[in-house]
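Participant: After the structure tokens below, expect a handful of questions from me.
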Amino acid sequence: MLSDDALLFLQHSIKTVWTLEILLLLRRDPNRTWNSDELIRESRSSTLILQEVLANLQQAELIDTGEGYRFRYRSATPALERLVGEIASAQARRPAAITKALLSVSSDKVQNFVGAFCVGKRT
Numbered sequence: 233m234l235s236d237d238a239l240l241f242l243q244h245s246i247k248t249v250w251t252l253e254i255l256l257l258l259r260r261d262p263n264r265t266w267n268s269d270e271l272i273r274e275s276r277s278s279t280l281i282l283q284e285v286l287a288n289l290q291q292a293e294l295i296d297t298g299e300g301y302r303f304r305y306r307s308a309t310p311a312l313e314r315l316v317g318e319i320a321s322a323q324a325r326r327p328a329a330i331t332k333a334l335l336s337v338s339s340d341k342v343q344n345f346v347g348a349f350c351v352g353k354r355t
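Residues are numbered in the working numbering as their position in the sequence shown, beginning at 1, plus a constant of 232.
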């Protein structure tokens, strides 16, 4: 499905299905700039979700923010572009597997959180 590097990048930098969807939307036409309203409408998300997604993408160095808060896809390095390309290709072929890979991290975090309260559990 994905190389180990691409899987780690997906799980730790992209983090959510929303982030992946918006990343792929931006990547389809890297010369186009989008404002927040356009991204919300096209992705059918909300302002709150979009703010989190854009923060993730900026932190991962995958977008440019231009004048007037317009956004476009731009990977900071060729290595990042290679990882995003691999993820995009896998998403096109096996979207359920990519979603499962993203959700497994969230599930692990929930399990770790719950486990923190089970330390003194009586049997």
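For every residue, glycine included, the Cβ atom is placed at its ideal position computed from N, Cα and C. Predicted model, so just to flag it, every value in this text is computed and none were measured.
Where do the N-terminal and C-terminal ends of the alpha helix (DSSP H) with Arg259 fall, by residue?
Facilitator: Position 27 of the sequence shown, counting from 1, holds the residue named residue 259. Run containing Arg259: 249-260, per the alpha helix (DSSP H) assignment.
Participant: Between the C-alpha atoms of Trp266 and Ser235, what's the straight-line distance to the nearest angstrom?
Facilitator: If you number the sequence shown from 1, residue 266 lands on position 34. If you number the sequence shown from 1, residue 235 lands on position 3. Each residue's Cα considered, the two are about 30 angstroms apart.
Participant: Count the other C-beta atoms from every protein chain shown that fall within 10 angstroms of the C-beta of Ser307, then say buried if there are 16 or more, exposed otherwise.
Facilitator: Here residue 307 corresponds to residue number 75 of the sequence shown, with the count starting at 1. Looking at its Cβ environment, which holds 16 or more other Cβ atoms inside 10 Å, Ser307 is buried.
Participant: Give me the residue from Gly317, Ser268, Leu312 with the minimum Cα distance to Ala374.
Facilitator: The question about residue 374 has no answer, for the chain in this structure spans 233 to 355.
Participant: Does the pairing of the segment 249-258 with the segment 271-288 give three or more beta-carbon distances under 8 angstroms?
Facilitator: yes
Participant: Report all residues from its chain with a CB closer than 8 angstroms to the CB of Ala329; omit the five preceding and five following residues, and keep chain order.
Facilitator: The sequence position of residue 329 within the sequence shown is 97, counting from 1. Only Met233, Ala322 meet the Cβ criterion.
Participant: When the Cα of Asn263 is compared with those of Ser336, Ala333, Gly298, which residue comes out closest?
Facilitator: Locating residue 263 in the sequence shown gives position 31, where the first residue counts as 1. With distances taken between Cα atoms, Asn263 lies closest to Gly298.
Participant: Among Thr279, Val316, Thr331, which one has its Cα closest to the Cα of Asp269?
Facilitator: For the purposes of this step, residue 269 is taken as residue 37 along the sequence shown, with counting starting at 1. Nearest C-alpha to Asp269: Thr279.
Participant: May I ask you to report which of helix, strand or coil DSSP gives Arg273?
Facilitator: Stepping through the sequence shown from its first residue, residue 273 is reached at position 41. Helix at Arg273.
Participant: Quick check: Arg259 and Tyr301, are their CB atoms within less than 7 angstroms of each other?
Facilitator: As a first step, residue 259 must be located in the sequence shown, where it is residue number 27. As a first step, residue 301 must be located in the sequence shown, where it is residue number 69. No, the Cβ-Cβ distance between Arg259 and Tyr301 is not below 7 angstroms.
Participant: Cβ of Ala238 within 7 angstroms of Cβ of Leu315?
Facilitator: Residue numbering aside, residue 238 sits at position 6 when the sequence shown is read from its first letter. Residue numbering aside, residue 315 sits at position 83 when the sequence shown is read from its first letter. The answer is yes: Cβ separation under 7 angstroms.
Participant: Measure the alpha-carbon distance for Ile272 versus Gln283 and round it to whole angstroms.
Facilitator: Here residue 272 refers to the residue found at position 40 of the sequence shown. Here residue 283 refers to the residue found at position 51 of the sequence shown. For Ile272 and Gln283, the distance between alpha carbons rounds to 10 angstroms.
Participant: Counting only the same chain and skipping the five closest in sequence on each side, list residues whose C-beta sits under 7 angstroms from that of Ser320.
Facilitator: Counted from its first residue, the sequence shown places residue 320 at position 88. Before going further, note that residue 320 is Ala rather than Ser in the sequence given. Only Leu256, Arg259 meet the Cβ criterion.
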